[in-house]
Amino acid sequence: MTFDPQTSKQDQAKRAEIAAEQAYVSMLYDKLDAERELADRKFTEALRSSAEPPQEAAERETATATYSDRLAQLKSVEQGLCFGRLDFAEDATDDEPTIYIGRVGLFDDGDDYRPLLIDWRAPVARPFYLATAASPEGVRRRRHIRTLSRRVVGIDDEVLDLGAGEHTDHLGLAGEAALLAALERRRTGEMTDIVSTIQAEQDRIIRADMNGVLVVQGGPGTGKTAVALHRAAYLLYTYRRQLTTRGVLVVGPNSTFLRYIGQVLPSLGETGVLLATVGELFPGLSATGLDTPEAAEIKGRLVMTEVLDKAVRDRQTVPEDVLEVPVEGGEVLVLDRRTCERAREKARRTLQPHNLARRVFVDRLLDALADQAVRKLESDVLDELPEIPLTEDEVDSGPMLDARDHATIRAELAEDPAVQAALQSLWPKLTPQELLSDLLTDPERLGSAAGDVLPEREWRALLRKPGSLWTPADVPLLDELAELLGEDDTEARARRERQRREERAYAEGVLHVLEQDDEIIDEEVIRVRDVLDAELLAERQEASSNLTAAQRAALDRSWTFGHVIVDEAQELSEMDWRLLMRRCPSRSMTLVGDVSQTGSAAGTSSWDRVLRPYVADRWRLRELTVNYRTPAEIMRLASAVLAEIDPDLTAPRSVRESGVEPWRRSSSPDSLASDVRRWVEEELTALMEERGGGTLAVLCPHAEEGRLSAELAETQARAGFDDTGDNPRVSVLTVDRAKGLEFDAVIVVDPEGIAEASPRGLNDLYVALTRATQRLGIVHTAPPMPALSGEQTSSSAAG
């Protein structure tokens, strides 16, 4: 081997550069450790403070929350703390000629808070993502710093000064070497951030203004999810004052997806965002049941608002003729139809929700019953009196019972069990769960509510057995019912008032004991009451809440968020949109998705159609056009399916090739499970040889999931878990559960079955074909559809 002195000098120079960067990165970690120690000490001090006066108690809570958040942030940025450096041209800036960029800002408090590390979200860091050789923005050189734990393992430089040497600009990519290295890394079961490799088109979306509805349309692999999460982190950094109290909601398509993205925001220094599916947005409810596809689609229609409104009105009844109410004492009072109709009409005219309007209905009927009881009582008294002629003055003396007597009788009737039962039968106090459960399990109730707006075949498809589990499609219906029913908090407020009085009485007793202390005898000594009255002492007995905005929001159905981000937004039904718009009255939203990937029958193929009812045409569209995930070989095959969906749709451009063509194999229904197991094991071997491991997913129709899962159970156990230790290396999934996920290798089983399973089956197949980052296999159990004829794929692997 010939020794090349030039190469040796380059290696030595690079090692020296890495050593210099190591010294700086080590200094940053020392600073990070010091900041952690300080935050931890302040947090402990805040917890230990006595906080006797109420003002100090409030200050302690604020300090505790502040230092707790800061400590969580500093702990979350351990990996990849510093990932970039910008060297500016001499005349390009009046500030530092060199800045380092990382996950969090660090400053030298001994040198007038000189920035040691710039938060990636700060405006000064933006050229790291936007600068190009054609538009360098004053940047002479951009350096990507690769670290493993706290050790610098590599650097990649881009010289943006055209006079300083050659440069590359493949597809306009910034940091191409670092980007491609990141894309080639094997996948785990958790998503990683892209903070060190954000591209210009992504950066413009991440930093867009918070106000209004921003729709991000992007094909498979364009980084929609990553952009959405980085946008959440950016908004919390830039608009912290507005968003700290209201919080940010990130909505994902399923719980698997939420687990997949769960570590991204903490790694970006943000821990206060609520991650949820639509099915998790009704506090206290576990929506783990499954609807039939037809039932889920019907429940998602906007017409369900009419069904629910009618279902509520159906529960506001009147008797056919009269309703007899036997009360204590043996009397029988009567509520006639006319009286009940008038009470119902008066209650409905208030336009209040059902449970609040009920108070008007109940008041009117209690008045009627009390009047009736008073008349009966007076009549009974008169009947018992001896028949003595009355004088003129006695005749004009008015009723025997006064207003106080009337009020007493009315109060007694209100507590009478028979009266309460009668009122409950006519206008029941309802919860959303009670009403929806009754509606979906009773053909008579459902037919009455839905018969005018849904064909009988469709409303009968909604019926289910009593005791069935709640489903995700039920949640928007429950939320709608919560609005229609309202919450009568009269009893809750009464309980709180009783508790407050008890606490105040206790506080009065404490103060009395303190004032009788024998040691307090000097008139000039300040008395306890001089600095603390009973009201303030009682307030101190109440439990304080240190919950974050996100934690409080998770417990409160009526919470409204400062910003809402929705991933896979094309899958939402009309009722889902209604729920989310209720959660965000400011309409500050970021919606990411791809209408060509819509798989749900309740989903949409038009952003304008779902948004127009809420914001008219006041929404803006941004598109992502570069595919970072899917190799060109796989994308060529997927593009043929996309053309079947809509010839006018254009697939995103892939930035790389893997060198591995998709393979196709055939199997019979009888041998499918065993064949798939054999091919899975072959793919795992290939991943180990090529990449040292990785993740593999088998994507199949619902009908095959159980059989394939059972067949692959032993293979999954042998393959074990990914590098995080939490997620299996081999997964068997239906396409709806794979949305938003990515794997090193994917085997799509029975693509024709996937395509034929629903009216949007081709969309599901397109999703399935674009989950792989390296290798794709297709297993046919029937003659292949034209788009998968194999003309553009390799047949060398056919078995």
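Numbering (the numbering used here), first residue to last: 12 to 810. Positions of the beta carbon are idealized from the N, C-alpha and C atoms, including for glycine. Please read these numbers as outputs of a predicted model, since none were measured by experiment.
task: Express the C-alpha separation of residue 40 and residue 47 in angstroms, rounding to a whole number.
output: 10 Å
query: Which residues does DSSP pair with residue 788 in a beta bridge?
result: 674, 758
message: Quick check on residue 740: does DSSP put it in helix, strand or coil?
response: coil
- request: Can you tell me which of the three DSSP states residue 485 falls into?
  value: helix
message: Give me the residue from 97, 212, 567 with the minimum Cα distance to residue 167.
response: 97
task: Report the rounded CA-to-CA distance for residue 487 versus residue 87, giving the unit in angstroms.
output: 34 Å
message: Considering only DSSP beta bridges, list what residue 783 is partnered with.
response: 754
message: Counting C-beta neighbours from all protein chains within 10 Å, is the total for residue 222 16 or more, i.e. buried, or is it exposed?
response: exposed
- request: Give the DSSP-derived three-state secondary structure of residue 110 in the structure shown.
  value: strand
- request: Classify residue 745 as helix, strand or coil using the three-state DSSP reduction.
  value: coil
Separation of residue 273 from residue 763, as counted between CA atoms: 33 Å
- request: For my contact list, residue 749 and residue 785 are in at a C-beta cut-off of 8 Å; report their separation, rounded to the angstrom.
  value: The Cβ separation is near 16 Å, so there is no contact.
field: DSSP three-state assignment for residue 228, whether helix, strand or coil
entry: strand
- prompt: Any idea what DSSP makes of residue 206, helix, strand or coil?
  reply: coil
message: In whole angstroms, give me the CA-to-CA distance for residue 279 and residue 374.
response: 56 Å
- request: Select from 261, 269, 277, 153 the residue whose C-alpha is nearest the C-alpha of residue 85.
  value: 277
query: Within 7 Å: the Cβ of residue 252 and any heavy atom of the ligand FAD?
result: Of ligands this structure carries none, so the ligand FAD is not represented either.
- request: Enumerate in chain order the residues of its own chain whose CB-to-CB distance from residue 690 is below 8 Å, with the five nearest sequence positions on each side excluded.
  value: 676, 758, 788, 790, 810
DSSP-derived helix/strand/coil call for residue 366: helix
field: Ranges of the alpha helix (DSSP H) found wholly within the segment 597-631, counting only runs of at least 4
entry: 618-626
message: Short of 7 Å in beta carbon distance, which residues of its chain neighbour residue 91, apart from the five on each side in sequence? Order them along the chain.
response: 114, 158, 207
- prompt: What are the boundary residues of the alpha helix (DSSP H) that residue 325 is part of?
  reply: 315-325
query: For residue 157, which beta-bridge partners are listed by DSSP?
result: 165
- prompt: According to DSSP, which residues form a beta bridge with residue 118?
  reply: 126
message: Here's a check: name, in chain order, each residue in its chain whose Cβ is nearer than 7 Å to the Cβ of residue 447, leaving out the five neighbours to either side.
response: 485, 488, 489, 492
- prompt: Where does residue 478 land, buried or exposed, given buried means 16+ other C-beta within 10 angstroms?
  reply: exposed
- prompt: Nearest to residue 240 by alpha carbon, out of 284, 232, 251, 94?
  reply: 284
task: Please check the pair residue 368 and residue 361, which I expect to be a contact at CB under 8 Å, by giving their CB distance rounded to whole angstroms.
output: 5 Å
- request: Measure the beta-carbon distance from residue 783 to residue 641 and round it to whole angstroms, keeping in mind my assumption that it falls under 8 Å.
  value: 7 Å
- request: Would you mind reading off the limits of the beta strand (DSSP E) that contains residue 700?
  value: Counting along the chain, residue 700 falls outside any beta strand (DSSP E), though it belongs to the alpha helix (DSSP H) covering 683-702.
query: Would you say residue 811 and residue 655 are within 8 Å of each other, going by their C-beta atoms?
result: Outside the displayed range of the chain (12 to 810) lies residue 811, so it cannot be described from this structure.
field: Identity of the residues DSSP links to residue 216 by a beta bridge
entry: Residue 216 is not bridged to any residue.
- request: Check whether the segment 228-246 touches the segment 622-641, taking contact to mean three or more Cβ pairs, one atom from each stretch, closer than 8 Å.
  value: yes
task: Kindly indicate which residue of 708, 71, 716, 142 has the alpha-carbon position closest to the one of residue 738.
output: 708
field: Element boundaries [alpha helix (DSSP H), containing residue 730]
entry: 724-730
message: Using the three-state DSSP reduction, which class does residue 550 fall into: helix, strand or coil?
response: In this prediction, residue 550 scores a pLDDT of 48, lower than 50, which makes its location untrustworthy; no coordinate-derived value is stated.
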